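J.: Got a structure here, written out as structure tokens. Questions coming.
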Amino acid sequence: MVLTKPVRKVPINIQSSHKRIIIKNGTIVNDDHKFVADIYIENDTIKDIGKKLMHPGGAHEIDATGCLILPGGIDLNTNFDCDLVDDKSCTDYEIGSRAALIGGTTTIVNNVSSTSFNDKPKEYIKNIENNVCCDFVLSVQVPDDANLKYIKLIKEYALEYDIKIFHIPVDLDFEILTSLLETISELGCLAVFKPFSKKIFEYNCDKLAKKNPKEKYGPELLKYSFSDDDQVSVYMYILNVLKNVECPAVFTGITNDEILDLVKDEITPNTHLSFSVPALYHNATNLLNECWMHAASHMCKPPLSTNFNVNKCVSKLAQGFGYSSVDSNHIGVSSKQRMKGWSNARNIPCGINSVQYRMIVLWSQGVEKSGIIDPCKFVAITSSNAAKLLNMYPKKGRIDVESIADIVILNTLSNTEIDATPQDGCDMSIYSELDSKVKIQYVIKSGQIVVDNEDVFIHNQIGKHCQVEEFSYMYDTVDRVKESSQTKTPCISRDKPNDVIEDDIIVPKETNGHCTPDKPIEEEFVNKTRRNPTGVQSQLVSSISFGDYAEIKEKPSTKLQSSYFINISMVSLFMSETDILSEIKRSGKFDEWRHNAFNTMKSSKKYRKLADKIKKYATTHTRDLKLDVESRKYSIREDFTNIIFKNGSIKKEMMELINYNLNEKNMCLSIGNYLHSINPEKSEIELNIPLPQDSPINKTLK
Numbered sequence: 001m002v003l004t005k006p007v008r009k010v011p012i013n014i015q016s017s018h019k020r021i022i023i024k025n026g027t028i029v030n031d032d033h034k035f036v037a038d039i040y041i042e043n044d045t046i047k048d049i050g051k052k053l054m055h056p057g058g059a060h061e062i063d064a065t066g067c068l069i070l071p072g073g074i075d076l077n078t079n080f081d082c083d084l085v086d087d088k089s090c091t092d093y094e095i096g097s098r099a100a101l102i103g104g105t106t107t108i109v110n111n112v113s114s115t116s117f118n119d120k121p122k123e124y125i126k127n128i129e130n131n132v133c134c135d136f137v138l139s140v141q142v143p144d145d146a147n148l149k150y151i152k153l154i155k156e157y158a159l160e161y162d163i164k165i166f167h168i169p170v171d172l173d174f175e176i177l178t179s180l181l182e183t184i185s186e187l188g189c190l191a192v193f194k195p196f197s198k199k200i201f202e203y204n205c206d207k208l209a210k211k212n213p214k215e216k217y218g219p220e221l222l223k224y225s226f227s228d229d230d231q232v233s234v235y236m237y238i239l240n241v242l243k244n245v246e247c248p249a250v251f252t253g254i255t256n257d258e259i260l261d262l263v264k265d266e267i268t269p270n271t272h273l274s275f276s277v278p279a280l281y282h283n284a285t286n287l288l289n290e291c292w293m294h295a296a297s298h299m300c301k302p303p304l305s306t307n308f309n310v311n312k313c314v315s316k317l318a319q320g321f322g323y324s325s326v327d328s329n330h331i332g333v334s335s336k337q338r339m340k341g342w343s344n345a346r347n348i349p350c351g352i353n354s355v356q357y358r359m360i361v362l363w364s365q366g367v368e369k370s371g372i373i374d375p376c377k378f379v380a381i382t383s384s385n386a387a388k389l390l391n392m393y394p395k396k397g398r399i400d401v402e403s404i405a406d407i408v409i410l411n412t413l414s415n416t417e418i419d420a421t422p423q424d425g426c427d428m429s430i431y432s433e434l435d436s437k438v439k440i441q442y443v444i445k446s447g448q449i450v451v452d453n454e455d456v457f458i459h460n461q462i463g464k465h466c467q468v469e470e471f472s473y474m475y476d477t478v479d480r481v482k483e484s485s486q487t488k489t490p491c492i493s494r495d496k497p498n499d500v501i502e503d504d505i506i507v508p509k510e511t512n513g514h515c516t517p518d519k520p521i522e523e524e525f526v527n528k529t530r531r532n533p534t535g536v537q538s539q540l541v542s543s544i545s546f547g548d549y550a551e552i553k554e555k556p557s558t559k560l561q562s563s564y565f566i567n568i569s570m571v572s573l574f575m576s577e578t579d580i581l582s583e584i585k586r587s588g589k590f591d592e593w594r595h596n597a598f599n600t601m602k603s604s605k606k607y608r609k610l611a612d613k614i615k616k617y618a619t620t621h622t623r624d625l626k627l628d629v630e631s632r633k634y635s636i637r638e639d640f641t642n643i644i645f646k647n648g649s650i651k652k653e654m655m656e657l658i659n660y661n662l663n664e665k666n667m668c669l670s671i672g673n674y675l676h677s678i679n680p681e682k683s684e685i686e687l688n689i690p691l692p693q694d695s696p697i698n699k700t701l702k
């Protein structure tokens, strides 16, 4: 365990000559070229660049001979002062921003929960400015239970509080997800996703606990419950949503290099990736380490990949797909906080402290060891691309006249060992064995020297909340995609069929792509639905969120809003002959049962015997009930659904086959598909349509 080394505080006068700085003989590196020149800084701005610059007296001079002069790093994904399990992160804004500056990062994008931000947004931002040491941008996390009303909040955040970045959970309902993305796109803001589904994770945890109830899992539970394939699946799901909505987005915290195989500029022009720096240094084998604390310190969401190919990732980053970058995904967790999950691995706070090591790790893995990334690409990945995503380029992310003086000076030939002691409030680091020749010699933040060799001159309140202008560089790709897709969608011209009687055609009323008939649904659709070649009726479906599968399993009554008119052959799968006859007698609707039995006898040889018994039984007890056709259909369906769901439960196998392509307004559970997979002869469904909230199936499942 590595103990925290206190940051050395050297008092300086903020109005001193450090506000005028001349950097001489260094190699200036931007994302497009590098050259040797001097830099003159006054206040917080670069005033001049050239060789052998003349400068006014009293300026602080830095000799950068043999060193690289880079724009300050920009980290797209930090989580300072975030909520943990019944606790707060040990990295607050002051400590975290100090660690960022020591590591060469001068601007961060910090994720904040909407609950914290909602109370008094202006005071919240002001409080951060009073404690932070580097510039910051806030990314508001959309809550997991967000509804359409949250759209109003997004507009308020964007227009009144200059919040232009929104971190969106992947488990949202499809309709809410697309509505949020459309709003974000209209406002010119930035949508951020992390390829991790809480619902998939929780579902797999439950599944594992039931399978091995006596096992006590540790940090390895994270690896078992959210695999590499799960991360790719979540990415693909969100990618398909983004294609339809035409909203640019950034994926942060990526730890799986397989996603790189899916990235093609012509297919994913609006998607930009930010890899998590821990993945460039460690893999998921650390989660299987025999030392519990070692394994727990490598837990992050999404989890580290099992077979992460560093060179493959670095090569793809060097190719420059989109505005790719590397983020820290920093969450500060102390050893004491991790121990809260000793008895239950689900309660282990996930987080790796990386903001201090982000730039050094990428230089070590991408420039020194592999040689795949050159200094210009390094600048693009650590600073320039992020600045373009945030619409700050070239004010930030570039060394040029009138750019903000956020500068890092690297000594690439240093023979001194890297001090991997964490300065972020954590008591241990996974980078303790980091080996690199590069050393951060100087860090200049807004024209002030904050790191000078081994000395640290960090003063809080020098950081500020950065305003992010809407419609960043990403929207250029959106416009190009829209222009390329302006071709008119062809409509096929057809002749009207002559052998169809128009009076027999019932056309449902449509609104927004969903069926919303004025008359009862069963009146319009009974016996009008299409069947697929196997005889199982095709589903009437829309789309919902990727994670609704687990929610349906836990709370079926909240999602299932369906009922079915099912024939006798299906009823026999769930109830014995005696129970069926008892249910017929209980309902008293003998005429309807007799009618249904008669139809079954004509259509099914296998169930003819059972249907004949039901017909005779119902005929014997027939009551003089004169029901019209429509009410008869509804009554029969009600009886059958009550029979099938009599015990208030659904087989687990059925729940696992619930189709993801559903919608909260138009729910439909396809039992027939399941039955057909077991026995095609028992899978005849006559109707498969949504019902109102008060349908029998809903009442029974509650």
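Each step along the sequence shown adds one to the number in full-length UniProt numbering, with nothing skipped, and position 44 is 44.
Note that the Cβ used here is the ideal one computed from N, Cα and C, for glycine as well.
Treat the numbers as computed from the prediction; the structure is a model and nothing was measured.
Report all residues from its chain with a CB closer than 8 Å to the CB of residue 287; omit the five preceding and five following residues, and keep chain order.
T.: 219, 220, 222, 223, 295, 298, 299, 303, 304
J.: With DSSP run on the structure shown, which of helix, strand or coil describes residue 111?
T.: strand
J.: Which residue's Cα is closest to the Cα of residue 111: 101, 215, 128, 104?
T.: 128
J.: With DSSP as the reference, label residue 451 as helix, strand or coil.
T.: strand
J.: State yes or no: is the C-beta of residue 247 within less than 8 Å of the C-beta of residue 270?
T.: yes
J.: Across the segment 333 to 346 and the segment 310 to 325, are there enough close Cβ pairs to call them in contact, namely three or more that are closer than 8 Å?
T.: no
J.: If distances are taken between C-alpha atoms only, which option among 120, 147, 447, 417 comes closest to residue 173?
T.: 147
J.: Quick check: the Cα distance between residue 215 and residue 260, rounded to an integer number of angstroms?
T.: If I take the Cα positions, the gap works out to 35 Å.
J.: Would the segment 47 to 54 count as touching the segment 413 to 423 if we require 3 or more Cβ pairs under 8 Å?
T.: no
J.: Go ahead and pull the three-state DSSP assignment for residue 591.
T.: helix
J.: Using 8 Å as the cut-off, can you tell me whether the segment 176 to 187 makes contact with the segment 198 to 209, which would need three or more C-beta pairs spanning the two stretches below that distance?
T.: no
J.: State yes or no: is the C-beta of residue 168 within less than 8 Å of the C-beta of residue 137?
T.: no
J.: For residue 383, which residues from the same chain have a beta carbon less than 6 Å from its beta carbon, with the 5 sequence-adjacent residues on both sides left out?
T.: 71, 73, 74, 397.
J.: Taking the alpha-carbon positions, what's the residue 431 to residue 277 distance?
T.: 11 Å
J.: Counting along the chain, where does the alpha helix (DSSP H) carrying residue 200 start and finish?
T.: 198 to 211
J.: Run the CB neighbour count on residue 119, radius 10 Å, all protein chains shown included, and call it buried at 16 or more, exposed below.
T.: exposed
J.: Identify every residue that forms a DSSP beta bridge with residue 703.
T.: Outside the shown range of the chain, which is 1 to 702, sits residue 703, and nothing can be said about it.
J.: Alpha carbon to alpha carbon, how far is residue 469 from residue 131?
T.: Near 24 Å, if we compare the C-alpha coordinates of residue 131 and residue 469.
J.: DSSP on residue 608, reduced to helix/strand/coil?
T.: Here DSSP, grouped into helix, strand and coil, assigns residue 608 to helix.
J.: When we look at the beta-carbon of residue 334 and count the other beta-carbons within 10 Å, is it buried (16 or more) or exposed?
T.: buried
J.: When you compare each of 238, 452, 462 to residue 195 by their alpha carbons, which one comes out closest?
T.: In terms of Cα proximity to residue 195, the closest of 238, 452, 462 is 238.
J.: Go ahead and label residue 35 buried or exposed: buried means 16 or more other beta carbons lie within 10 angstroms of its beta carbon, across all protein chains shown.
T.: Answer is exposed; the Cβ neighbour count stays below 16.
J.: Beta-carbon within less than 7 Å of residue 37's beta-carbon, same chain only, minus the 5 sequence neighbours each way: which residues are those?
T.: 28, 49, 50, 51
J.: Would you call the segment 91 to 107 and the segment 438 to 453 in contact, with 3 or more CB pairs under 8 Å?
T.: yes
J.: Around the Cβ of residue 285, are there at least 16 other Cβ atoms within 10 angstroms (buried) or fewer (exposed)?
T.: By the 10 Å Cβ count, residue 285 comes out exposed.
J.: Only counting the same chain, and skipping five residues up and downstream in sequence, which positions put a Cβ closer than 7 Å to that of residue 708?
T.: The displayed coordinates of the chain run from 1 to 702. Any statement about residue 708 would go beyond what the structure contains.
J.: Does DSSP put residue 405 in a helix, a strand or coil?
T.: coil
J.: Ordered along the chain, which non-local residues of its own chain (more than five positions away) have a Cβ less than 6 Å from that of residue 617?
T.: 581
J.: Our contact map puts residue 403 next to residue 41 with C-beta atoms below 8 Å; I'd like the distance itself, whole angstroms only.
T.: So it is not a contact: roughly 10 Å between Cβ atoms.
J.: Does DSSP put residue 251 in a helix, in a strand, or in coil?
T.: strand
J.: For residue 183, which of helix, strand or coil comes out of DSSP?
T.: helix
J.: With respect to the alpha helix (DSSP H) encompassing residue 294, which residues constitute its N-terminal and C-terminal limits?
T.: 292 to 296
J.: Between residue 93 and residue 81, how many whole angstroms is the CB-CB distance? I'm expecting something under 8 Å.
T.: 6 Å
J.: What's the C-alpha gap between residue 352 and residue 330?
T.: When rounded, the distance between both Cα atoms is 6 Å.
J.: In three-state terms, what does DSSP make of residue 20?
T.: strand
J.: Give the C-beta separation of residue 97 and residue 67 to the nearest angstrom, bearing in mind that I take them to be a contact with Cβ-Cβ under 8 Å.
T.: Separation of the CB atoms of residue 97 and residue 67 is rounded to 24 Å, and the pair is thereby denied contact status at 8 Å.
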